[in-house]
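In what follows, a structure is listed as structure tokens, so that the remarks can point back to it.
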Amino acid sequence: MKLEIKNIHKSFSGKQILHDVSFTVTTGKAMGFLGRNGAGKTTTIRALMDVFKADAGHFVLDGKPFDPRKFNIGYLPEERGMYAKEKILNQLVYFAELRGIKKAAAKASGEYWLKRFELDYAKNHKLETLSKGNQQKVQIAQALIGDPDILIFDEPFSGLDPVNSQVLKDVIREKIAEGKLVIFSSHQMTYVEEFCDEITLIEKGRIILSGNLDEIKNELGKSKIRLKSLNFDNGELKEKLMHMAQGLDISQDKHSLIIHLPENNNLSNFLRQCLSAGIDIELISPYQPSLTDIFIWKVGEEHA
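Numbering of the sequence shown is given in this note's numbering, commencing with residue 248 and proceeding in unit increments.
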């Protein structure tokens with residue numbers, strides 16, 4: 248399946264929130280939909296799910312107008328909406344029935360996911376009796392019940408310990424492999440990097456970056472290398488390099504130096520200069536920015 252978000256505009260009370268939002272999600276490639284609080288992620292998702300109508304633009308699935316009522320959509324919102332004082336399995340079945348799933352199938356699916364998340368013992372407990380992490384697992388089960396065609400996860404790892412995070416990672420990978428359409432939103436960039444082949448970054452209601460994550464990293468890391476020395480710490484190494492070669496743009500993280508080579512100094516020439524200067528190299532490799540770096544750079548550019 249191929250879902251296209253095309254030129255979506257949305258205003259509330261005369262204030263425009265979404266400005267010509269466009270990106271594409273395909274099966275087998277999870278989309279990381281990223282943005283700061285208030286950037287427009289939730290508004291885009293709610294327009295997609297027809298919670299309210301977009302002012303302009305279209306949602307298209309496999310070349311045809313997308314009608315969310317004709318598809319089973321599993322949605323985990325960041326703001327949770329289940330009932331604290333209701334029994335867990337009963338409300339899982341209730342939410343599934345709201346999505347058009349028959350009661351017997353909903354009950355069987357609910358029991359499966361509670362068992363998968365090691366919560367089958369609690370199916371007749373009230374939600375409020377569970378820990379925060381276990382409540383989060385119930386919310387995730389609500390999104391997964393009934394084998395949805397489209398999955399939208401907003402901060403799914405919130406409140407989960409490392410063991411339960413691993414369980415959820417396995418589930419998300421299974422759903423991607425099954426060919427589900429997966430949209431994944433999180434402020435925890437390491438999780439997005441684990442699952443998402445594609446990313447879309449929204450800021451102030453405008454798409455400022457969209458595409459294949461590896462290609463974006465390669466493009467933004469072009470002409471940059473990572474360097475670490477055995478005989479100099481980062482501070483000493485930076486000083487030595489600045490004296491050794493002109494025009495180097497040098498930054499660093501806690502592990503190594505990040506060097507942007509000028510056009511007149513290619514990698515082979517730079518490596519010879521380092522060896523001639525007595526630098527004992529522990530690591531030299533092409534530099535790829537992290538998703539966190541990309542996020543900060545692009546948002547910073549937008550504000551600049």
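All C-beta atoms, glycine included, are put in the ideal place defined by N, C-alpha and C.
These numbers were taken from a predicted model, which means no experiment stands behind them.
Checklist entry - What residue does the beta strand (DSSP E) around T447 start on, and which one ends it? => result Translated into positions along the sequence shown, residue 447 becomes position 200. Segment 443-450, the beta strand (DSSP E) holding T447.
Item to check | Secondary structure of R473, DSSP reduced to three states | outcome: By one-based count along the sequence shown, residue 473 stands at place 226. Note: R473 maps to strand in three-state DSSP.
Next on the checklist: What does the Cβ neighbour count give for M489, buried or exposed, with the cut at 16 atoms within 10 Å?
Outcome noted: Walking along the sequence shown from the start, residue 489 turns up at place 242. By the 10 Å Cβ count, M489 comes out exposed.
Item to check | Complete runs of the beta strand (DSSP E) confined to the region 456-517 [at least 3 residues] | outcome: 471-476, 496-499, 504-507
Item to check | T376 burial status per 10 Å Cβ neighbour count (16 or more: buried) | outcome: Within the sequence shown, the letter at position 129 stands for residue 376. Exposed: under 16 other Cβ atoms inside 10 Å.
Checklist entry - With burial defined as no fewer than 16 other Cβ atoms inside 10 Å of the residue's Cβ, what is the status of E421: buried or exposed? => result Within the sequence shown, numbered from 1, the residue matching residue 421 stands at position 174. When all chains shown are included, E421 counts as exposed.
Checklist entry - What are the boundary residues of the alpha helix (DSSP H) that Q389 is part of? => result Counting from 1 along the sequence shown, the entry for residue 389 is found at position 142. Where Q389 is concerned, the enclosing alpha helix (DSSP H) stretches over 379-391.
Checklist entry - Could you give the C-beta distance for F306 and L295, rounded to a whole number, given that I count them as a contact under 8 Å? => result Your numbering for residue 306 matches position 59 in the sequence shown. Your numbering for residue 295 matches position 48 in the sequence shown. The Cβ separation is near 6 Å, so the contact holds.
Checklist entry - Quick one: what's got a C-beta closer than 7 Å to D527's C-beta in the same chain, skipping five residues either side? => result By 1-based counting over the sequence shown, the position of residue 527 is 280. Hits under 7 Å: S476, L477, N478.
Item to check | Alpha carbon of P536 to alpha carbon of M436, nearest angstrom | outcome: On the sequence shown, residue 536 is found 289 positions in, with the first residue counted as 1. On the sequence shown, residue 436 is found 189 positions in, with the first residue counted as 1. Taking the straight line from one Cα to the other gives about 12 Å.
Checklist entry - Taking DSSP as the reference, what is the three-state secondary structure of N319? => result In the sequence shown, the residue the question calls residue 319 occupies position 72. N319 falls in the coil class under three-state DSSP.
Checklist entry - Hey, L448 and K545 are a contact pair by Cβ (cut 8 Å); roughly how many whole angstroms apart? => result For this step, residue 448 is matched to residue 201 along the sequence shown. For this step, residue 545 is matched to residue 298 along the sequence shown. About 6 Å; that satisfies the 8 Å criterion.
Checklist entry - Helix, strand or coil: which one does DSSP assign to V418? => result Within the sequence shown, the letter at position 171 stands for residue 418. Of the three classes helix, strand and coil, the one that applies to V418 here is helix, per DSSP.
Item to check | Collapsed DSSP secondary structure at A277 in the structure displayed | outcome: Here residue 277 is taken as the residue at index 30 of the sequence shown, counted from 1. A277 falls in the strand class under three-state DSSP.
Next on the checklist: From the DSSP secondary-structure annotation, give me the bridge partner or partners of Q263.
Outcome noted: By one-based count along the sequence shown, residue 263 stands at place 16. DSSP, once it has assigned bridges, lists S258 as partnering Q263.
Next on the checklist: Just to confirm, is the Cβ distance from I399 to I320 under 8 Å?
Outcome noted: Numbered from its first residue, the sequence shown carries residue 399 at position 152. Numbered from its first residue, the sequence shown carries residue 320 at position 73. Yes, Cβ-Cβ distance for I399 and I320 is below 8 Å.
Item to check | Sequence-distant residues of the same chain with beta carbon closer than 6 Å to D500, five excluded per side | outcome: As a position in the sequence shown, residue 500 is number 253, starting the count at 1. Result list for D500: empty, nothing under 6 Å.
Checklist entry - Taking just the CA atoms, how far does S405 sit from K384? => result Position 137 of the sequence shown, counted from the start, is the residue given in the question as residue 384. Position 158 of the sequence shown, counted from the start, is the residue given in the question as residue 405. Between K384 and S405, the C-alpha separation is close to 10 Å.
Checklist entry - Closest to R283 by CA distance: which of V298, E450, K469 is it? => result Within the sequence shown, residue 283 is the residue found at index 36, counting from 1. Residue E450 is the option with its Cα nearest to R283.
Next on the checklist: Which residue marks the beginning of the alpha helix (DSSP H) containing D571, and which one marks its end?
Outcome noted: Because the chain spans 248 through 551 in this model, residue 571 falls outside it and cannot be assessed.
Checklist entry - Could you give the distance in angstroms between the alpha-carbon of F442 and the alpha-carbon of G468? => result As a working mapping, residue 442 is identified with position 195 in the sequence shown. As a working mapping, residue 468 is identified with position 221 in the sequence shown. Roughly 21 Å between the two C-alpha positions.
Next on the checklist: If distances are taken between C-alpha atoms only, which option among K317, D401, K332, L495 comes closest to N371?
Outcome noted: Along the sequence shown, one-based indexing puts residue 371 at 124. It is K332 whose Cα lies nearest to the Cα of N371.
Item to check | Member of L336, T273, Q382 whose CA lies at the smallest distance from the CA of E358 | outcome: Along the sequence shown, read from residue 1 onward, the residue named residue 358 stands at position 111. E358 has its Cα closest to that of L336, out of L336, T273, Q382.
Next on the checklist: Suppose the cutoff is 8 Å on Cβ atoms and the five residues either side in sequence are ignored; what does the same chain contact list for V268 look like?
Outcome noted: In the sequence shown, the residue the question calls residue 268 occupies position 21. I252, N254, I255, H256, G287, T291, G304, I449, G452, R453, I454, listed in sequence order.
Next on the checklist: When you compare the CB positions of I397 and F318, do they come within less than 8 Å of one another, or not?
Outcome noted: Position 150 of the sequence shown, counted from the start, is the residue given in the question as residue 397. Position 71 of the sequence shown, counted from the start, is the residue given in the question as residue 318. Result yes, Cβ atoms of I397 and F318 sit closer than 8 Å.
Checklist entry - Along the chain, which unbroken stretches of the beta strand (DSSP E) at least 3 residues long are found entirely within the region 286-320? => result 303-308
Checklist entry - Should K464 be labelled buried (16 or more other beta-carbon atoms within 10 Å of its own) or exposed? => result Indexing the sequence shown from 1 puts residue 464 at position 217. Buried: at least 16 other Cβ atoms inside 10 Å.
Next on the checklist: Between the alpha carbons of S433 and I446, how many angstroms are there, rounded?
Outcome noted: Sequence index remark: in the sequence shown, residue 433 carries index 186 (1-based). Sequence index remark: in the sequence shown, residue 446 carries index 199 (1-based). Going by the C-alpha atoms only, they are around 11 Å apart.
Checklist entry - Are M248 and L428 touching if we call contact CB-CB under 8 Å? => result Within the sequence shown, numbered from 1, the residue matching residue 248 stands at position 1. Within the sequence shown, numbered from 1, the residue matching residue 428 stands at position 181. In contact: M248 and L428 (Cβ atoms closer than 8 Å).
Checklist entry - How about the region 482-496 and the region 504-519: do they share at least three Cβ pairs that are nearer than 8 Å? => result yes
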